[in-house]
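Below is one structure, written out as C-alpha cells; comments come after it.
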Amino acid sequence: MNCMSSGDFFKTWQHSLSSDFQQNGVVAAFGPWITEVNGISAGEGNITRAALSSDNGLIAAAVEHKVHIFDVATSQLLQTLPGHAGAKIQSIEFHPGGRKLAVSSQRSEPGFSKKGLLAVHRENLVQIWDLDAPPPSIGHLDEATRAAMAAASSILSQHWSQDDLKSANLDAEILKVVSATQATLDVQRGGVFRGTLSSQLKARAFSHDGRSLIYCPDRKTVAVIDVDTLTERFRLSGHTDAIMWAETSPDDKVVATVSWDKTVRIWSMDSGEIVHVLGGATLQSWAGAFSPDGKLIAAGDGDKTVRIWRVGTGELLHTLGGFNDWVRTLAFSPDNHHLAAGAGGGTLRVFDVESGECQQMWQIAIEGPFGGGFLAVTQVQYSPWGDLFFQSTEGRIFGYRASHNLKWEVLVPAYGRVGVSADGSRLFATRGSDVGLWEINLEGLGK
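Each residue of the sequence shown is one higher than the last, beginning at 598 in this note's numbering.
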C-alpha cells in the first residue's frame, strides 16, 4: 500500500477547479477589489496566531508564548504580553471594545502516567488582558527568574564546568519551573482559567456585547465568564463527547454548543439552563453557525450533511447534502439569506436558506488516490458587506463577491490563519514571521 504525506502531496499537486462560482451560466471573473498594504513583521519569530481589533487599529500577533501588540497604521510594536514560559499560544481574540484581549495557551511537560508509562502532561490556560492596565505580576516574574538562574548558575559552577551548564540547558529548565508555579498562582488568584477558548474551536469567544467570555474547562463542558469581574457565572454540562463549537447568539440571549455526541444544544444565557437539544446527525457534529438575526442555527456533520433549525422552537428546517466528506466550517450571509458550508474533499456549497437549494458549488479538482484526503475548505466567513472568504488546505485564500460575480485569490502558507475585519474593509493572514494585510474595495456596496 502506497503512503504519502501532505507535504509530499502539495509539492507536486497543481491547483485546478472542477466547479467554480457563476451567475446565469457566466463563470466569475477575477476582479481588482482587494489590494495588499503594509503588513506587520515580528522579526525572526514565527507568528502562529493573529487578531485584528474591531476598529482596525491594532493587531495582536502570537510568537511562542508571547503576544505582541502592533499599531496597524505605523507597524510600531506598542507592547508585549509576556504569557507563561514554555507555553504555546493556541488562540487570541480582541474584546469588541478593542482594549482587552483573551489569550488561550497550552503548556506541555513530559512525565509519567499512573502506570509508569511515559506521558505528556498538557495544561491549558485562558487569560484576559487589559491593554490599558499595568502588566500583571507575571511581568515581574522575569526579574525573579533571572535572579534565580544567576544564583543557581553561581552555585552549580563550583561543581560543574560552564560546558556542562550549557548542555544541561539550566536557564530554560528553571524558567519552566518558575513559570509553571506562576501559572498555578495566577489561577488561584483569579483572572486566569484552566481550559481553552471557544475561538480555538473556530467560534467567537466573547459575547457580542462584550460582557461575557465563553471557554471550555474540559472537552465536554462550556463555562461563561463575567468579563468585568473575571468570575465564572455558570457551567453548561450535558454533552457526552467533545464539544467542537460554542458561541453566543447575536442577541446574546442563548449559547449554542455543537458536539461529537451528534447533538446541538441551546442554553439560556440568563440561567445556564438547557433550552433545546437538537439531533439527527448519524456521525459526529463538527461545526456551527448562527444566522445574523439569531433566528436560525446550522450544524455541519460527519455524515456529509448540514442541518438548519429554528432557534426559538427547535424545528428542523433543512437537511442539506451534496458533500463528499464531513462539513467543518459554516457561515451565514449578513442578510440571512444564504449559508456557505466548507467540507473535506475541497468542496464549498452556498445554499438558499429559505428553499434549501444549492445556488453555488465551488469544487477543487480531485485527481489520484490521495487528493480527497488532503484537500479541504476551511475558515469560511462572510464580511458585513456580503463578500465570501474561505481558505483551502494547500494555502490559498479565496474571495467571491456575488453582487458583481467577481472572485479573488492569494497564496499564503497552508498553516496560515485568516480573518476579516469587523467592518469588512480588511483581510489579514499570518505568513511565517509577518501578518499580511489587504484592503477590500467596498465601492458599489453601499459603503
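Cβ atoms here follow ideal geometry from the backbone N, Cα and C, with glycine treated the same way.
Between the Cα of residue i and those of the options, spot the shortest distance and give me the residue it belongs to.
i, options, result
"G891", "F790, S930, G792 and K901", "S930"
"Q619", "R946, A962 and S1022", "R946"
"G654", "P679, F691, Q687 and K685", "F691"
"V660", "I686, D652 and G622", "I686"
"A940", "N933, L917, D932 and E954", "L917"
"G943", "I963, G622 and A800", "I963"
"H805", "S651, G897 and A999", "S651"
"Q957", "M841, A895 and A625", "A625"
"S846", "F627, V855, R832 and S888", "S888"
"E829", "F667, R791, W842 and Q960", "R791"
"D849", "S1022, W864 and D727", "W864"
"L614", "W1035, W959, S989 and I994", "W959"
"A802", "R816, F667, G680 and S701", "S701"
"C955", "W982, P981, H915 and S868", "H915"
"S834", "G695, G622 and D815", "D815"
"H1001", "R704, E1040 and A895", "E1040"
"V950", "H612, S688, W906 and T793", "W906"
"N721", "L827, S688 and G695", "S688"
"N621", "T975, A999, R993 and T826", "A999"
"A730", "P693, Q676, S705 and R719", "Q676"
"I994", "P981, V974, G983 and W982", "V974"
"G680", "D668, G695, P693 and Q703", "Q703"
"K817", "R832, A800 and D838", "D838"
"G694", "D1031, A1019, S672 and E633", "A1019"
"D932", "P629, D922, W982 and D668", "W982"
"H612", "P629, H662, C813 and I961", "I961"
"S672", "G683, H662 and N635", "N635"
"H873", "T910, C813, E633 and F987", "T910"
"M866", "A895, V821, T902 and Q881", "V821"
If I'm right that residue i touches residue j with Cβ under 8 Å, what's the distance once you round it to whole angstroms?
i, j, result
"I811", "E844", "7 Å"
"T879", "D900", "5 Å"
"V664", "A699", "The pair is not a contact, with the Cβ atoms about 10 Å apart (cut-off 8 Å)."
"V824", "R808", "6 Å"
Just to confirm, are residue i and residue j a CB contact at a threshold of 8 Å?
i, j, result
"Y997", "A928", "no"
"F948", "H935", "yes"
"I656", "A670", "no"
"V908", "W883", "no"
"H904", "L893", "The sequence shown places Arg at residue 904, not His. Result no, Cβ atoms of R904 and L893 do not sit closer than 8 Å."
"G953", "T926", "no"
"L798", "W842", "yes"
"I840", "V819", "yes"
"L1034", "I631", "no"
"A937", "L985", "yes"
"L649", "G1016", "yes"
"I666", "T1027", "no"
"D678", "K697", "Here residue 678 is Leu; the residue named in the question, Asp, does not match the sequence. No, Cβ-Cβ distance for L678 and K697 is not below 8 Å."
"H836", "S868", "no"
"G1021", "I1037", "yes"
"I725", "L794", "no"
"A853", "G885", "yes"
"V1032", "A658", "yes"
Which one or two residues does DSSP pair with residue i in a beta bridge?
i, result
"H915", "I905"
"I840", "S856"
"S1046", "Because the chain spans 598 through 1044 in this model, residue 1046 falls outside it and cannot be assessed."
"N721", "Q703"
"D823", "S809 and T828"
"L1003", "A626 and R998"
"V947", "A937 and Q957"
"A886", "A895"
"Q881", "Answer is none; Q881 lacks a bridge partner."
"H665", "A658 and T677"
"T1027", "V1032"
"K817", "Answer by DSSP bridge pairing: none, since K817 is not bridged."
"R993", "S989 and L1008"
"I631", "I1037"
"D727", "K697"
"S834", "T818"
"S637", "Note that residue 637 corresponds to Ile in the displayed sequence, not to Ser. Looking at the DSSP assignment, I637 forms a beta bridge with V1032."
"F971", "DSSP lists no partner for F971."
"I963", "Looking at the DSSP assignment, I963 forms no beta bridge with any residue, so it has no partner."
- Between the stretch 635 to 650 and the stretch 990 to 1010, do at least 3 Cβ pairs fall closer than 8 Å? no
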